[in-house]
Amino acid sequence: MNVFDIIGPVMIGPSSSHTAGAVRLGRVANKLMDNHPLKRVEITLSGSFAQTYKGHGTDRALLAGIMGYHSYSPEIRDALAIATERGIDYVFLKEDIKGAHPNTARIHFILQDGEEGTVQGASIGGGNILVHQINGMNVEFTGENNTILVMHQDQPGVIAAVTQLMHFEYAELNIASFRLTREARGGNAIMTIEIDGHPPEGLTDAIRKISLVTNAILVRRV
Amino acid sequence: MLKYESIQELVDEAESRGMRISELVLQDQAAAMEKTELEAYEKMELDFQVMIQAVQAGQAPDQRSMSGLTGGEGYKMKTYAAEKGGLCGSFLGGAISRALAVAGCNASMGKIVAAPTAGSCGILPGCLVSLYEEKHIPEKDIVMSMFTAGAFGMVIAKKASIAGAQGGCQAECGSASAMAAAALVELMGGTPAQCADACAIAIANQLGLVCDPVAGLVEIPCIKRNVSGIMIAFSSADMVLAGIDSKIPADECLDAMRSVGDTMPEALRETAGGGLASTPTGIRMKKQVFGDQKE
Chain A
112 MNVFDIIGPV MIGPSSSHTA GAVRLGRVAN KLMDNHPLKR VEITLSGSFA QTYKGHGTDR
172 ALLAGIMGYH SYSPEIRDAL AIATERGIDY VFLKEDIKGA HPNTARIHFI LQDGEEGTVQ
232 GASIGGGNIL VHQINGMNVE FTGENNTILV MHQDQPGVIA AVTQLMHFEY AELNIASFRL
292 TREARGGNAI MTIEIDGHPP EGLTDAIRKI SLVTNAILVR RV
Chain B
38 MLKYESIQEL VDEAESRGMR ISELVLQDQA AAMEKTELEA YEKMELDFQV MIQAVQAGQA
98 PDQRSMSGLT GGEGYKMKTY AAEKGGLCGS FLGGAISRAL AVAGCNASMG KIVAAPTAGS
158 CGILPGCLVS LYEEKHIPEK DIVMSMFTAG AFGMVIAKKA SIAGAQGGCQ AECGSASAMA
218 AAALVELMGG TPAQCADACA IAIANQLGLV CDPVAGLVEI PCIKRNVSGI MIAFSSADMV
278 LAGIDSKIPA DECLDAMRSV GDTMPEALRE TAGGGLASTP TGIRMKKQVF GDQKE
């Protein structure tokens, strides 16, 4: 904690959890889109988000984040109109996502080139978020660090291959947190690797070439 | 490095080094963040600029909240204070208007500085922008006093809480008011120990305040509680500057605040399950904004 955690952040009101945190959840989806133009987005709101989104502007905040705006961007207020102007087709749905944190949203996006993706996460207070699912797979990260998601098959040596590559090819790279989840022994698995500092150029491409790795995605800090 | 685990630490360190708390904290925080003191100062200066802009935005005659439940309070109070002075006089009336304006700006999705939270964002500007605009205190001194306010807030966050969901409104508006009181005392030339006393009195006067937002929105009673926050900050600071001390030390007041928060029922901690939120009018307003929804 530092003095600017108390005097700050500068944000668009009214609520750090229902507005500022919602923008950051949207930004995770924006990072996954990797600057490809967006065609349509379906935003599912659960729990308190579903009940009170109008009064807190949670819908505008999520959409603003999806379009790349920050929690301090004045455009948040006009995000619905801006999305329409940009030709983005958006819809808000309400669903009781079972077992989810009260402030949970699921963002399903469809890009103009046909690619699709999904982010599910929760705004857990004070503008902090926790991402729970990416493209249907369970993950857990805060978006405060650059995060690398490595989809792979659960076999001995895959984690070692990934971390060795990180160590030997990118000596300055430091892992801040590491988490592994898997469907079943030997099944599909996912590493969530949060790193300090900036991700080096070409890192995810190099990881993708490792045997038994099916995909690697970089989710930049939000 | 300072630990920010007690108010006494801040007072002792500042007094032993013959510094203001703000100077001590700027030096310490710049080092902790690996910034120069100038960089840290300039970042705080930007926060103060946002506060001034939020006052202006919130004093617009057509300011309305997103829900439509509130709006225009800052403008009404500004006009009244300027034209009639009112019971509080034009200075305090103007300060009330600024607190209402910033809290209103927040409710209408304007840009604010969470200080320490969005719900209590009107209190520091209500006090500090008023001293800047009405008492003509130099901007540099005001910006420095925000480091004092921030340091007190850090201790409050560690020893008690700054989250309504954890400690009720005493943790949000109470904390903001105590932070502002300490900053005001420093700005008016008080000692570090007097800053601590003003913090203690402000906390003591808001102990037990519940967080009971109507419809769960940061509007009713939050916007007007920002006003009670500044009134308690000004009165606490003035009492201390008049030579009246706090009978309970600041750190003990914070321990009390924590234990009061810990024993506060969940219905009164930002869940909109009690207090004003569960009054017939509160429930009617919730239906007005969100329609009939099952819990």
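Going down the list, the sequences are from chains A and B. Sequence positions in the first sequence follow our numbering and run 112 to 333. Sequence positions in the second sequence follow our numbering and run 38 to 332. The beta-carbon is built from N, C-alpha and C at its ideal position, and this holds for glycine as well. All values derive from a computational prediction rather than experimental measurement.
Check, Outcome
"Short CB-CB distance (under 8 Å) between Tyr201/A and chain B", "no"
"Proximity to Ala151/B [Cα-Cα], best of Gly298/B, Met88/B, Arg295/B and Gly266/B", "Met88/B"
"Residue-chain proximity (Lys142/A, chain B), Cβ-Cβ < 8 Å", "no"
"Residue-chain proximity (Gly236/A, chain B), Cβ-Cβ < 8 Å", "yes"
"Segment contact, 8 Å Cβ cut-off, at least three pairs: the stretch 145-159 of chain B with the stretch 171-182 of chain B", "no"
"Cβ neighbours of Val222/B in the same chain (closer than 6 Å, five flanking residues each side left out)", "Gln231, Cys232, Ala235, Ala274 and Val277"
"CB contact check: Met122/A to chain B, cutoff 8 Å", "yes"
"Proximal residues to Tyr41/B (C-beta, below 7 Å), its chain only, five neighbours per side dropped", "Ala188, Met191, Val192 and Lys195"
"Contacts around Ala233/A, its chain only, beta-carbon distance under 6 Å, and the 5 residues preceding and following it disregarded", "His212, Asn214, Thr215 and Leu241"
"Gly187/B: contacting residues in chain A (beta-carbon distance under 7 Å)", "Val114, Ile117 and Ile118"
"Spatial neighbours of Gly319/B in its chain, beta-carbon cut-off 6 Å, leaving aside the 5 residues before and after", "Val251 and Leu313"
"Buried/exposed call for Glu256/B, threshold 16 Cβ in 10 Å", "buried"
"Per-residue DSSP class, three states only, for Glu332/B", "Confidence in Glu332/B is poor, its pLDDT being 44 and thus under 50, which makes the residue's placement too unreliable to answer from."
"CA-to-CA distance, Glu303/B to Thr73/B, given in whole angstroms", "43 Å"
"Cα-Cα separation, Ala271/A to Val333/A", "28 Å"
"Residue span of the beta strand (DSSP E) that contains Tyr201/A, given as start and end", "Asp200 to Lys205"
"Where the alpha helix (DSSP H) through Gly266/B begins and ends", "Cys259 to Leu278"
"Spatial distance of Glu147/B from Ala138/B (CA atoms)", "This sequence places Gly at residue 147/B; Glu is not what is there. The straight-line gap from Cα to Cα measures roughly 11 Å."
"Partners in chain B for Ser127/A, counting only beta-carbon separations shorter than 8 Å", "Ala151, Thr154 and Ala155"
"8 Å Cβ cutoff, Asp214/B in contact with chain A", "Inspection of the sequence shows that residue 214/B is occupied by Ser rather than by Asp. By this cut-off, Ser214/B is not an interface position."
"Separation of Gly130/B from Gly254/A, as counted between CA atoms", "43 Å"
"Contacts that Gly137/A makes with chain B (C-beta to C-beta distance below 8 Å)", "Simply none; closest approach about 15 Å."
"Test item: CB-CB of Leu75/B and Met322/B under 8 Å", "no"
"Length of the line joining the Cα atoms of Ala237/B and Ala287/B", "4 Å"
"Cα-Cα separation, Ser157/A to Ile208/A", "6 Å"
"Cα-Cα separation, Ser100/A to His167/A", "This structure does not reach residue 100/A, given that chain A is present from 112 up to 333, and the question cannot be answered."
"Run of the beta strand (DSSP E) containing His212/A, from where it starts to where it stops", "Neither: His212/A is in no beta strand (DSSP E) and is coded neither H nor E."
"Of the residues Ser127/B, Leu165/B and Lys115/B, the one placed nearest Ala97/B, counting alpha carbons only", "Lys115/B"
"From Ala239/B, Asp249/B, Gln93/B and Gly280/B, residue whose alpha carbon lies closest to that of Thr316/B", "Asp249/B"
"Buried versus exposed, by CB contacts within 10 Å (16 or more), Glu283/A", "exposed"
"Which of helix, strand or coil DSSP assigns to Thr316/B", "coil"
"Amino acids of chain A, ordered along the chain, whose beta-carbon sits closer than 8 Å to that of Val87/B", "Val121"
"Residue environment, Arg295/B, which counts as buried when at least 16 other CB atoms sit within 10 Å", "buried"
"Interface residues of chain A facing Cys142/B [CB-CB closer than 8 Å]", "Gly124"
"Neighbour flag for Ser59/B against chain A, beta carbons, 8 Å", "no"
"8 Å Cβ cutoff, Gly168/A in contact with chain B", "yes"
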